[in-house]
Every structure is written in C-alpha cells, then in structure tokens.
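If you number the first sequence the way the numbering used here does, the last residue is 570 and the count never jumps. By construction, the Cβ of each residue, glycine as well, lies at the ideal position given by its N, Cα and C atoms. For reference, the structure discussed in these notes is given below.
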Amino acid sequence: MLEITYLRSQAAEAISGLKKRGLDANQRIKDILKLDELRRENQNELDQTLAESNRISKEIGQLFKEGKREEADAAKAQTAALKNKIKDLQQEQEQLKHSLEQDLLALPNVPLDTVPAGNSEADNEIVQKVGEQMTLGHGAKPHWELAEDLKLIRFDLGVKITGAGFPVYQGKGARLQRALINFFLEENIKAGFEEYQPPLMVNETSGYGTGQLPDKEGQMYHMPEDNLYAIPTAEVPITNIFRDEILNSEDLPIKATAYSACFRREAGSYGKDVRGLNRLHQFDKVEIVALTKPEDSMAMLDAMVEHVAALLQKLELPYRILKLCGGDLGFTSSITYDFEVWSAAQERWLEVSSVSNFQTFQTNRMKIRYRGEDKKTHLLHSLNGSALALPRIVAALLENHQEEDGIRIPEALQGFTGFEKI
RNA sequence: GGAGAGAUGGCAGAGUGGUCGAAUGCGGUAGUCUUGAAAACUAUUGAGGGUCACACCUCCGGGGGUUCGAAUCCCUCUCUCUCCGCCA
C-alpha cells in the first residue's frame, strides 16, 4: 500500500511511474487525494465536536461534585444534540477511511526510474547471462523421464496419496532435496542471514500483511475449521514476524532466511509447462528476507542479486538475470530481478528466483518501523528473494548435468549429498 | 475435549464510573557528580491522527452496548495461562 503522504507530495511522480505498468492512474490518484482531503476535513470537525463534548462532561462531573444538581441536569440536556452529531460524523469518518483504504490497496507499487516500461515478458531487460546455453541433442531426456528412470521422483505415488502436483521424492531424489536445502541455508547463513523455522500455516492477519489477502485468496490453501492458510512462501510468516514492530537502528538491517515447504493451489493453470517439476502444489524453497533503512535498500538489493547469482554459479547452472519491465512487475514490487536457469532438455528458461525491493509498500501495511536519528518512527524498506526454489533447480540439475553414466552432482553440493553421481 | 483464571505503556505491575494516557518499579535517553566508569541524584521517556507550528482528537486484546462521562459496568469474539483428559 502506497503511503498517503507520498501521494500528497508527489502525485505527478507516482502517475508517471505507474504509466510504466501500462496504468493510467491520473484519475484514481486524484480521487484518492480528494477523499483524503474530505477525510481530514471531517476529522477536524469531529475532533472539535468531541472536544466540546468532553468539556461539557467534565463540567457536569464538577457540578455534581459541588452538589449543583440542577445545573448539571441542564448541562446534560445540551449533550443530546452533540451526541447525534458525533455519531453522524463518526459514521462518515469510517466510510471515508474505508473507501480511502480500499482505493489505496487497489493501487500497485510505483516502479523505480530504472525499471523499463513495457507490457509483457518480451520487454524485460536481460541484465546478465552466465554459462553456456547448451543443447544436448541425441539421447537427452527431460527431467521427468530422468527422475522416473532413476527412481528419484514418483509422480504416480503423489497422485495416489494426495493428487497431482504433490510428488514423492525417493532415495537419492529425496537426499538431493535435503542436500539442496542444507546447501542453500548454509550459504545464506554465511552471507549473514539468520535462519528461522516458521510455522507453515498463518492466520488471516498475516495473509493481509504481506498482501496475499484479499486479492490472492484463491491461490492459498485454506483450513476453514481453524481459519488458517497454508503458506505459499516463507516470506509470509518471516516478514510478519516484524509486523507492528518498531526496530532499533542498531539492529538493522534485518536479514533472515528460512526453508519451508510452500503450498499453492495454482488455480487456473493447466496444460503446458506444468509437466514434471515445472509447477507444483507443494514444493520446497529457501527464502531470504531483508528489512533496511530506506537509504540502504538499493545496496541490499544489489547484494541479494549477487548472492543468488553466486548460488547458481556454485551449482554450475547456466542462468540469466532479467530486470522486469513495468508490466511484468509484481503488484507490490518497485523493482524486481528474475533469475532463470536454462533447462537444456526442455530448451527453455525456468524462473528459479525473484528478488524484489518493495520499499515501504509492504511495511506501510504491516507498520514495520524503526526509530531514526530524529527519535521519530519511520517505515523500513522490505526486500525478499528466493535463494532458491528447489523444483526447477532440480529439473535443471538433472537435465544439464546428465552424462553417459548418470547425473553429475556439482562439486559444491557433494559435501551435502554424500554422493557424486546419480 | 472438560474446569478455572486472565488480557493495561519496552517489561513487570497498580488502577471497579469523572481529578486516568493511566500510580509504582525496572529498562531507555539526557544531565549533575567523577580523570573515566559504576553507584547515587535530577529531569525526561507509548503509538497514531491532526496542525506551518500549537490547540485538539483517538487508542488500556477486537467488536458492540449502558452513561452527560468507561481501563473501570453489561454483551460478544479472539487469544494467553493453570489444572484434568488425550497425545507426537
């Protein structure tokens, strides 16, 4: 949610920024500012009326104490009209607040100056390309065939016990999963992120905090009996740890990492690109989250991008980094770098990480603040990224590292798997 | 699942209708003292809205009600703790 103070002072900037998303927000922002003005006018009147009512009440108390019952009763009569007025004004205030909030919630984050304009994937800017975009030819197999041949992943068993999109990992497949999780966590810890183990289910308030609710309601698994949601990413519980907190300057930046299973209903995505590990209902991911002072968030973003790139290099996977264009940017993000690994057998790029700076868009909603030099509270900037999401990494590892005598495990991972070949 | 107790400022903990945004202690900040530090003493110290700045307004778990007036009384929801049962 954008800050109202930002819109008040920099409406023109917001409007021109949002154009990069293909959004003409001119009228919407005008409406918001109008509502904001009405709201403040109303509050002013309400406050004055409340002040008067408070004053009279105090007088009545005083009069009673002095035993001047008649005068007190006379004063009481005065308050009836005030009470009605207060009630009306309060109702109006509630309505104005509500509409203002609705309008603000519906507005996406403003892309930064450096974000390219554009409507679709095609307009994303390729920032960097590392490694060879190899083609395998002859007997090369896609990962779902390799996984089946080598008995690493059992899609059929997942269907049997749960449903499509819930694979069972077996033998070296399961060990590879565990190794990757440990590898990512250890690397993240080395980079200064503190490890957390969050709950895999969250309450409604947390869902609103990170913005999954209300708009993406249908994307989360919901347990109505207890009104809990299965997390679609560790970002939700981890960021919500800091909800409604005022952090000390010396504790910043906050850098957190967590492994979690992630659950996504993926309602509405059928057909192509869902084969094998490409799109699952349950998958494993290691996430990194950062909270920084506003002036430090861009440096943090760069550091996180570099960190994720290093992970991919250690796994010896060819990848590219995209700077997303305005039209492809997530609702809450002001700038996002996507990481894609090359899947040699499918001959396509697979997204494995998305590193974003949300600035105050999330923290405004969650009221995550810090106390500045001026002793006042200020909103922090929040950032997050995957480091990394497992299934597509596994897919790329299997496909890219397939050799005549099996799958080669990258050296960096061997200490975690305990084997060099599958 | 059954029975009971409770939810107040960063923490602990008073407060049962007006003088309460809230005693007191701890913690934090600033100062006095000191070569420096500690101790002691003094002052200060919640959040949000509003305003150029004041004024002023809101908030004592959430929502609703009674009353001229609610942290305090009533209803309701949520959560926490203790005991019993069940159980990894």
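For residue i, write down the residues that DSSP places opposite it in a beta bridge.
| i | result |
| --- | --- |
| Gly554 | Glu551 |
| Phe431 | Cys410 |
| Glu488 | Arg468 and Glu499 |
| Ile483 | Asn505 |
If contacts are defined as beta-carbon pairs under 8 Å, then residue i and residue j qualify, I think. What distance do you get, rounded to the angstrom?
| i | j | result |
| --- | --- | --- |
| Tyr537 | Ser482 | Per the sequence shown, residue 537 should be read as Ala rather than Tyr. That pair is no contact at about 22 Å. |
| Glu342 | Leu333 | Incorrect: roughly 11 Å between the Cβ atoms, too far for contact. |
| Thr381 | Glu414 | Contact flag wrong, Cβ pair sits at about 13 Å. |
| Gly424 | His291 | 5 Å |
| Val350 | Pro466 | So it is not a contact: roughly 36 Å between Cβ atoms. |
| Ala560 | Lys462 | 4 Å |
| Asn190 | Leu244 | 6 Å |
| Ser201 | Ile234 | 6 Å |
| Leu376 | Ile570 | Between Ile570 and Leu376 the Cβ distance is about 37 Å, and since that is not below 8 Å, they are no contact. |
| Arg519 | Glu488 | So it is not a contact: roughly 40 Å between Cβ atoms. |
| Ala378 | Phe411 | 4 Å |
| Ala493 | Lys289 | 6 Å |
| Gln259 | Gly359 | First, the residue type needs correcting, since residue 259 is Pro and not Gln in the sequence shown. 17 Å between Cβ atoms; not a contact. |
| Leu211 | Ala225 | 13 Å between Cβ atoms; not a contact. |
| Ala327 | Val456 | Between Val456 and Ala327 the Cβ distance is about 18 Å, and since that is not below 8 Å, they are no contact. |
Out of curiosity, what's the CA-to-CA distance linking residue i and residue j?
| i | j | result |
| --- | --- | --- |
| Lys308 | Arg188 | 59 Å |
| Val437 | Leu150 | 20 Å |
| Ile557 | Leu545 | 8 Å |
| Lys213 | Asn232 | 27 Å |
| Phe303 | Asp297 | 12 Å |
| Glu335 | Gln276 | 22 Å |
| Asp553 | Glu568 | 11 Å |
| Met448 | Ala339 | 12 Å |
| Leu252 | Glu464 | 44 Å |
| Ala174 | Glu393 | Note on residue identity: the sequence assigns Asn, not Ala, to residue 174. Roughly 34 Å between the two C-alpha positions. |
| Gly313 | Gln345 | 24 Å |
| Glu264 | Leu171 | With the sequence shown as reference, residue 264 is identified as Pro, and Glu is not the correct amino acid for it. So the alpha carbons of these two residues sit roughly 14 Å apart. |
| Arg513 | Val316 | 38 Å |
| His370 | Asn388 | 18 Å |
| Glu185 | Arg391 | 28 Å |
Between the options, which lies nearest to residue i when the distance is taken from Cα to Cα?
| i | options | result |
| --- | --- | --- |
| Ser268 | Trp497, Gly475, Ile555 and Asn532 | Gly475 |
| Phe509 | Gly566, His455, Glu568 and Leu439 | Leu439 |
| Gln101 | Arg323, Glu547 and Leu260 | No answer is possible for residue 101: it lies beyond the span of the chain, which begins at 149 and ends at 570. |
| Leu428 | Met446, Ala409 and Pro442 | Ala409 |
| Arg176 | Trp490, Tyr485 and Glu249 | Glu249 |
| Leu324 | Asp450, Asp432 and His370 | Asp432 |
| Arg496 | Tyr518, Asn426 and Ile208 | Asn426 |
| Lys523 | Gly319, Gln226 and Leu395 | Leu395 |
| Thr405 | Leu528, Tyr154, Asn532 and Leu255 | Asn532 |
| Ser397 | Ala254, Gln360, Asp444 and Pro256 | Asp444 |
| Arg169 | Glu193, Asp184, Asp261 and Glu207 | Asp261 |
| Phe506 | Leu527, Ala222 and Ile204 | Leu527 |
| Glu240 | Ala222, Arg217, Lys216 and Leu194 | Leu194 |
| Glu242 | Leu183, Thr227 and Arg203 | Leu183 |
Comparing the CB of residue i with every heavy atom of the ligand MN, is any distance shorter than 8 Å?
| i | result |
| --- | --- |
| Gln430 | This structure does not include the ligand MN; it has no bound ligands of any sort. |
Which complete alpha helix (DSSP H) runs does the segment 328-415 hold, if anything under 4 residues is left out? List check, alpha helix (DSSP H) in window: 352-357 and 383-388.
In chain order, which continuous runs of the alpha helix (DSSP H) of length 4 or greater are located wholly inside the segment 154-222? 174-213
Identify every run of the alpha helix (DSSP H) within the segment 440-477, keeping only runs that are complete inside it and at least 4 residues long; order them along the chain. With a minimum length of 4 residues, the continuous alpha helix (DSSP H) runs that stay inside the segment 440-477 are 445-462.
Every unbroken alpha helix (DSSP H) inside the segment 512-544 [4 residues or more]: none
Segments assigned alpha helix (DSSP H), at least 4 residues, entirely inside the segment 220-302: 291-297
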